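Everything below concerns the one structure shown next.
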Amino acid sequence: MLEMRLYLAQRISAAILAPLVLMHLGLMVYAIQGGLDAGEILARTRGSLFWGSSYALFVIAVAVHASIGLRKILHEWLGWRGALLHGFSWLCLAGLLFAGLRAVAAVVLP
Amino acid sequence: MSSSAATSSTGSIAVSVWRGDARHGNFQLFQVPQQPSQTILDVVTWIQRHADPGLSYRFACRVGMCGSCAMMVNGIPRWTCRTHVNKVLRDNRLTIEPLRNMPIIKDLACDMSEFFDKWKQARGQFEGSSTRDQQVAALSPGLPRRRIADAATECINCGICYAACDVVSWNRDYLGPAALNRAWSLQNDERDCAGEQRLRAVAGDAGCHQCHAQQGCATYCPNELNPTASIAGLKRMVSQAWFNKGLACHPGKKCGLGKRHA
Numbered sequence: 002m003l004e005m006r007l008y009l010a011q012r013i014s015a016a017i018l019a020p021l022v023l024m025h026l027g028l029m030v031y032a033i034q035g036g037l038d039a040g041e042i043l044a045r046t047r048g049s050l051f052w053g054s055s056y057a058l059f060v061i062a063v064a065v066h067a068s069i070g071l072r073k074i075l076h077e078w079l080g081w082r083g084a085l086l087h088g089f090s091w092l093c094l095a096g097l098l099f100a101g102l103r104a105v106a107a108v109v110l111p
Numbered sequence: 047m048s049s050s051a052a053t054s055s056t057g058s059i060a061v062s063v064w065r066g067d068a069r070h071g072n073f074q075l076f077q078v079p080q081q082p083s084q085t086i087l088d089v090v091t092w093i094q095r096h097a098d099p100g101l102s103y104r105f106a107c108r109v110g111m112c113g114s115c116a117m118m119v120n121g122i123p124r125w126t127c128r129t130h131v132n133k134v135l136r137d138n139r140l141t142i143e144p145l146r147n148m149p150i151i152k153d154l155a156c157d158m159s160e161f162f163d164k165w166k167q168a169r170g171q172f173e174g175s176s177t178r179d180q181q182v183a184a185l186s187p188g189l190p191r192r193r194i195a196d197a198a199t200e201c202i203n204c205g206i207c208y209a210a211c212d213v214v215s216w217n218r219d220y221l222g223p224a225a226l227n228r229a230w231s232l233q234n235d236e237r238d239c240a241g242e243q244r245l246r247a248v249a250g251d252a253g254c255h256q257c258h259a260q261q262g263c264a265t266y267c268p269n270e271l272n273p274t275a276s277i278a279g280l281k282r283m284v285s286q287a288w289f290n291k292g293l294a295c296h297p298g299k300k301c302g303l304g305k306r307h308a
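Here the protein sequences line up with chains A and B, keeping their order. Counting in my numbering, the first sequence runs from 2 upward without gaps. Counting in my numbering, the second sequence runs from 47 upward without gaps.
Next up, the structure:
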């Protein structure tokens with residue numbers, strides 16, 4: 002029942018993403034008032050547990066959601082199956098987690 | 047091939063009909079006289095009787111009850127006995143093919159074995175617990191679950207939804223809209239006692255979670271059923287079972303639902 006678990010994981014990750022996307026959009030609108038300034042952004046995020054955990058959760062939800070979605074497309078449109086499909090899905094998940102969490106760490110860690 | 051038979055016609059229609067089997071085939075053009083109130087099944091029957099007796103197709107009741115005569119008409123799956131020519135004619139041309147997503151036996155007759163096999167895989171059989179000696183269960187038409195079952199129960203197994211479903215074309219293992227719609231109606235039948243086993247059957251890797259809710263099935267169902275809604279109901283039911291109490295396994299068998307089950 003892998004497909005059922007993936008279905009639930011994708012829906013749960015979507016439910017997590019919905020408020021986080023709204024938060025991110027709202028923050029972007031707020032952050033660019035008076036110009037885009039790296040220093041201002043870093044002043045807000047450096048050492049912040051709230052922003053660090055929010056964006057880490059964002060990245061995890063994106064990685065889960067996107068890798069399951071891509072897996073489905075590759076299976077249905079290109080006919081990928083078995084080890085190739087599983088391998089690519091895990092690779093996609095790992096790549097998105099690595100790139101996303103690295104970016105979060107770069108703006109949060111002092 | 048052409049023919050100029052028929053005396054009460056109002057002109058002729060150019061009809062391209064698929065001829066061939068699972069390996070080889072091609073479209074063959076027939077000129078068929080147009081008649082008032084003519085159905086697609088009338089067109090196919092005219093071709094077989096007047097132009098080519100070797101044309102294979104399937105039909106039985108001719109009144110939209112048996113679900114035998116479904117074919118692709120101008121690329122859309124339709125019940126041909128209830129489809130009037132004047133509603134689907136484009137530029138005085140028709141293209142008639144066997145149903146999509148099923149192997150062709152010959153010409154317009156497709157092999158529906160996998161369609162019915164999947165119906166069984168989804169545990170589409172009613173499984174009651176009472177015997178003939180017991181009283182027949184009284185189910186009020188107003189009961190909420192009875193209403194849900196009623197909404198899904200008028201399927202005639204014509205295969206149109208299966209032919210319309212893109213997910214079936216991408217994933218040959220997918221149970222398909224008709225089988226899952228049947229499972230949904232049984233899941234809401236108070237007399238049925240195989241709910242848990244059926245839920246496991248439809249929660250498998252080829253089951254309800256494959257559906258993308260594109261609604262091809264609901265769009266083309268000749269009885270205006272909505273298998274997409276039935277499948278959504280199954281997804282909800284499976285999810286609720288998973289979160290609330292899990293789906294119990296057969297003793298000693300691993301069902302793939304992990305530690306939540308003994």
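Virtual Cβ for every residue (Gly too), placed ideally from N, Cα, C. All figures in this text were calculated on a predicted structure; none of them were measured in a lab.
Using a C-beta cut-off of 8 Å, the region 196-215 of chain B makes no contact with the region 129-140 of chain B, since fewer than three inter-stretch Cβ pairs fall below that distance. Ser285 (chain B) reaches chain A at Met5, Tyr8, Leu9 and Arg12, counting residues in chain order whose Cβ is nearer than 9 Å.
Sorting B:Ala264, B:Trp92 and B:Pro268 by C-alpha distance to the C-alpha of Ser276 (chain B) places B:Ala264 at the top.
Annotation for Leu97 (chain A): Val60, Val63, Ala64, Ala67 and Ser68 place their beta carbon closer than 8 Å to its own, counting only its chain and skipping 5 residues before and after. In this structure Thr126 (chain B) is buried. Its beta-carbon is surrounded by 16 or more other beta-carbon atoms within 10 angstroms. Counting along the chain, Glu160 (chain B) sits inside no beta strand (DSSP E); it lies in the alpha helix (DSSP H) bounded by residues Ser159 to Gln167. Assigned with DSSP and collapsed to three states, Ala10 (chain A) falls in helix. Taking a beta-carbon distance threshold of 7 Å, Glu41 (chain A) does not count as an interface residue toward chain B. At a cut-off of 7 Å between beta-carbon atoms, Met24 (chain A) makes no contact with chain B. If you check the CB distance, Tyr103 (chain B) and Leu140 (chain B) do not come in under 7 Å. Excluding sequence positions up to five before and after Thr85 (chain B), its CB lies within less than 8 Å of the CB of Thr126, Cys127, Arg128, Thr129, His130 and Val131, all in the same chain and listed in chain order. Here DSSP, grouped into helix, strand and coil, assigns Lys152 (chain B) to strand. With respect to the 7 Å criterion, Tyr220 (chain B) and Gln256 (chain B) are classified as neighbours on the basis of their beta carbons. In the structure shown, the three-state DSSP call for Ala116 (chain B) is strand.
For Asn72 (chain B), the enclosing beta strand (DSSP E) begins and ends at Gly71 to Pro79. Taking C-beta atoms as the reference points, Glu77 (chain A) and Trp216 (chain B) count as a pair closer than 7 Å. At the C-beta level, Cys115 (chain B) and Leu87 (chain B) come within 7 Å of one another. Scanning chain A for C-beta atoms nearer than 7 Å to the C-beta of Gln260 (chain B) yields nothing, as the closest lies near 12 Å away. For Gly241 (chain B), there is no enclosing beta strand (DSSP E); the residue is found in the alpha helix (DSSP H) stretching over Gly241 to Val248.
Only those residues of the region 243-254 of chain B whose C-beta falls short of 9 Å from the nearest C-beta of chain A are listed: Arg246, Ala249, Gly250, Asp251, Ala252, Gly253 and Cys254. Under the DSSP definition of a beta bridge, Ile206 (chain B) lacks any partner. The beta carbon of Val109 (chain A) is closer than 6 Å to those of Thr46 and Gly53 in its chain, skipping five residues each way along the sequence. Residue contact with chain B for Met2 (chain A): present (Cβ-Cβ distance below 7 Å to some residue of chain B). The region 66-86 of chain B makes no contact with the region 224-244 of chain B: fewer than 3 CB pairs, one atom from each, lie closer than 8 Å. Under DSSP, no beta-bridge partner is assigned to Trp78 (chain A).
Thr46 (chain A): member of the alpha helix (DSSP H) spanning Ala39 to Thr46, first to last residue.
For the region 198-218 of chain B, the beta-carbon criterion of a distance under 8 Å to any beta-carbon of chain A is satisfied by Val213, Trp216 and Asn217. In the DSSP assignment, Gly262 (chain B) falls within the unbroken alpha helix (DSSP H) covering Gly262 to Tyr266. With fewer than 16 other beta carbons inside 10 angstroms of its own, Pro99 (chain B) counts as exposed.
Under the DSSP assignment, Gly222 (chain B) falls outside any beta strand (DSSP E); it carries neither an H nor an E label. Boundaries of the beta strand (DSSP E) harbouring Thr141 (chain B): Arg139 to Glu143, taken from the DSSP string. Excluding the 5 residues flanking it on each side, Gly101 (chain A) has same chain C-beta neighbours closer than 7 Å at Val60, Val63 and Ala64, in chain order. Shown here, Ile277 (chain B) sits in a helix according to DSSP, grouped into three states.
By alpha-carbon distance to Leu9 (chain A), the top candidate from B:Cys267, B:Cys254 and B:Arg169 is B:Cys254. Think of a sphere of 7 Å around the beta carbon of Trp230 (chain B): no beta carbon from chain A falls inside it, the nearest being about 16 Å out.
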